[in-house]
Amino acid sequence: MREAAARPIVAVALVCAIVFGVPLRAAPARTVSVLAVWRIPAPLAPDSGVQSVEAGIIAVNFLGPELLALARHPGAKATVAVDPVFVNALEHEAAGQSALGTLASGQIGANDLRAAQLLDVLSSDVVPDADIASTPVGKRYLADASAARLSLMGDTAARFSQVDDIDFAAGAVLVSLASNGGATKYATLLHKNALTGQDLTTLSSAFAHACAEVLSMARKAAANGELEIAALPANEPIMPLIINAAGRRTTSPFTVDVAGSADVAAAIDEGLRMARSLAPEQGAAGLLSPSGAYNDETAVILQARHAAYGIFSERVVKANAGASAEAVSDVHAAAFRAYLLETSKADKLPVLFCSDATSNALDSQPPSAPATAMADRLQAAVSLALSAAPAQEPAVMVLCLNGTGAVLRRADRALVLDDLSATMSAGRSIRAATPKAFMNEHRPTSETYGYAPGSDVGGFDLWMGSANQASLWNALNDARKAAGGDSAVANPAVRDALLRAESGVWYLALAIPQPRYLLDRYLADFRALIAEIYRGAGKTVPSNVAPVQLETPQPVGVPGT
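Numbering-wise (this note's numbering), the sequence shown opens with residue 2 and increments by one.
Below, the structure is given as structure tokens:
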């Protein structure tokens, strides 16, 4: 009877809608709040002057185009999680304090270690657009960049003279400026057959100005809400390993417990201070954990340092799935909601989890893929997120993207970033947001009580899983103890080298396949930092720091011999 009585009402409503144009109320379309978090790490170059150049290259070739894309698309928003070492280096470059001026004045010779570092930086992260690549300087830069890689590998036929170093550095800076909006201004220089020290001086000044503009744009975008500044801990230590070896027993193979909670707190403090200095109006900053690494002690330290939130890997949650269907379903939805993580009986830390699979799919677009591929992948991922996210909660997707990854090395990166911003601001199934804005609007209600330690690769063997890695960890542990243990990080003569030696990059270098010359370089740089810790503490440097056994390539046999 109820069904029969309802039919006339429905019929009347349909007639009204058709005849009088009265709209029927449809169910509101669901949207996903997409939080695009770009990670910008510390420069890898050992020399501070070269670090400034490296930061400038990333700022001009990635951060600047990203900020311009946001400005072109009202409604688009992004977050940059920036290492404080990067910001410090970029500020020095913006003030004209970098190795470019030193090279231009002739103070860096061909045999200077800084010359090799400049070759490394400038041959890795500069990709000219098609128009610039076809100019004399563009062609010469591309040829010399390949030669620079050979020179760094020890190929004496590709050796660079001081004149070559100046021409190559000037060419790299010119290509960067011209590929990012300065083509007309530098048209004359682009057609020179050789760039001189005077040219490099001129370009160095222009490069510093461009970096200052990027910093100004970032502060303005943060002030108007287009950009959120999040923190990375200084030099990106894998925090659970520094704190307590991620809770592993020291009897486990290759486990070294540095017990460096004080150092992690200092690295977090540096990151949070940097974020506050760039965007004072945003208040307390959140922090992206390097490699999404988590353990309960990391969360407690973040809470104690007054981080606004923490972002970790969704694999942390997936590793804790229960046996029931409901538990599995809940775990798969973890990347689509915000949580309140209990860090003590009285305190809860807001946390989000990166959608690792989607982030990796967006990050790994090959250079041959069309400029729209990144945004297309995002749109497809959002459709999947809507089906997985709990219907009763606002859906969110956190993308943890690499600002120094594949997108930086695409000649059409400006188009890629522009298309991504356009898609995020289109207002259909996607709603662009930032972590703080989302959690201010949708206060997390899902509470949780901690997870087993984990990262975006699962466990921690990638950084602490071999005898060679244990040798590095032991060297760090011994140096830290010699410098005073927990008090070492408070010593200005020790602090910088200690925090840099705790970066995850050194331990990762021994776990991934790469050329022997790169491994040798990483080991030399790591050992130099360990030696600096001892010297800063007024102690004698051990004679054999971090010994490792690297495989020696076997000679290839010739059939019949």
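Backbone N, C-alpha and C fix where the C-beta goes; we use that ideal spot for every residue, glycine too.
Treat the numbers as computed from the prediction; the structure is a model and nothing was measured.
Integer Cβ distance of residue i from residue j, believed to fall under 8 Å
i    : j    : result
Q98  : S53  : 6 Å
A510 : L520 : 6 Å
L191 : D168 : Contact doesn't hold; Cβ gap of about 13 Å is too wide.
M275 : L36  : The pair is not a contact, with the Cβ atoms about 20 Å apart (cut-off 8 Å).
G110 : Q163 : 6 Å
P516 : M154 : 7 Å
A263 : D457 : Contact flag wrong, Cβ pair sits at about 26 Å.
Residues that residue i bridges to, as DSSP identifies them
i    : result
V265 : Note: V265 sits in no beta bridge, so no partner.
C401 : V38
C355 : S314, V399
V33  : A396, I431
L530 : Bridge partners of L530: none, in fact.
L342 : L350, T449
E229 : T80
Y295 : G455
L289 : I312
P238 : S504
Own chain, CB closer than 6 Å to residue i, minus 5 neighbours either side, in chain order
i    : result
A484 : V495, I534, A538
W39  : V81, L402, G404
I133 : G139, V176, A179, S180
I269 : P234, R306
A374 : Q366
A427 : none
A415 : P66
G451 : D297
A563 : The chain is shown only over 2 to 562; residue 563 falls outside these bounds and no answer can be derived.
Separation of residue j from residue i, as counted between CA atoms
i    : j    : result
I302 : D479 : 24 Å
S325 : A335 : Bear in mind that the predicted position of S325 carries a pLDDT of just 48, short of 50, making it unreliable; the figure below should be weighed with that in mind. Cα-Cα distance, rounded: 16 Å.
P254 : N545 : 22 Å
L25  : A95  : In this predicted model, L25 has a pLDDT of only 41, less than 50, meaning its place in the structure is not dependable enough to derive any value.
A222 : L228 : 5 Å
L530 : A502 : 6 Å
L564 : R522 : Examination of residue 564 is not possible in this model, given that the chain is present from 2 through 562 alone.
W464 : S217 : 37 Å
A382 : T359 : 7 Å
V542 : R536 : 7 Å
R444 : F337 : 14 Å
L273 : A232 : 6 Å
L114 : D121 : 11 Å
K186 : N194 : 18 Å
A587 : L421 : One cannot answer for residue 587 here, as it falls past the ends of the chain, which runs 2 to 562.
R411 : S106 : 32 Å
A247 : A146 : 41 Å
S49  : H210 : 19 Å
V257 : D413 : 44 Å
T32  : P75  : 18 Å
A1   : A260 : Outside the shown range of the chain (2 to 562) lies residue 1, about which nothing can therefore be said.
A468 : D497 : 26 Å
L551 : G460 : 24 Å
A47  : A117 : According to the sequence provided, residue 47 is Pro. The question's Ala does not apply to it. In a straight line, the C-alpha of P47 is about 11 Å away from that of A117.
A224 : L68  : 13 Å
A252 : Q304 : A small correction: the amino acid at residue 252 is Thr; Ala does not occupy that position in the sequence shown. Straight-line Cα distance between these residues: approximately 30 Å.
D84  : P44  : 9 Å
N361 : S292 : 12 Å
D166 : A489 : 39 Å
N62  : I243 : 33 Å
I312 : P238 : 15 Å
Y310 : A294 : 14 Å
V86  : T344 : 28 Å
I431 : L400 : 13 Å
Q470 : A423 : 44 Å
M440 : D130 : 39 Å
Q108 : A77  : 45 Å
Sequence-distant residues of its chain with Cβ nearer than 7 Å to residue i (five each side left out)
i    : result
L491 : Before going on, a small fix: residue 491 reads as Ala here, not Leu. Cβ neighbours of A491 beyond the five flanking positions: none.
A170 : L101, L104, L119, L123, L201
A173 : L123, V127, Y142
R150 : S124
W507 : L473, Y523, F527
I230 : V81, V83, A223, A276, L279, A280, Q283, A286
A56  : P44, F87, A90, L91, E94
W380 : Inspection of the sequence shows that residue 380 is occupied by Gln rather than by Trp. Taken in chain order, the residues that qualify are T424.
R160 : S152
T136 : L191, H192
Nonlocal neighbours in the same chain, by C-beta distance under 8 Å from residue i, ignoring five residues either side
i    : result
A547 : S472, L473, N475, A476, L524, F527, R528, I531
L341 : K349, L350, P351, V352, P445, T446, S447, E448, T449
A396 : R31, T32, V33, S34, F337, R338, A386, L387, A390
G183 : A207, A211
A407 : D364, S365, Q366, P367, P368
I want to know whether the stretch 342-354 touches the stretch 378-393 - three or more CB-CB distances under 8 Å. Contact between the stretch 342-354 and the stretch 378-393 is absent, because fewer than three Cβ pairs lie under 8 Å.
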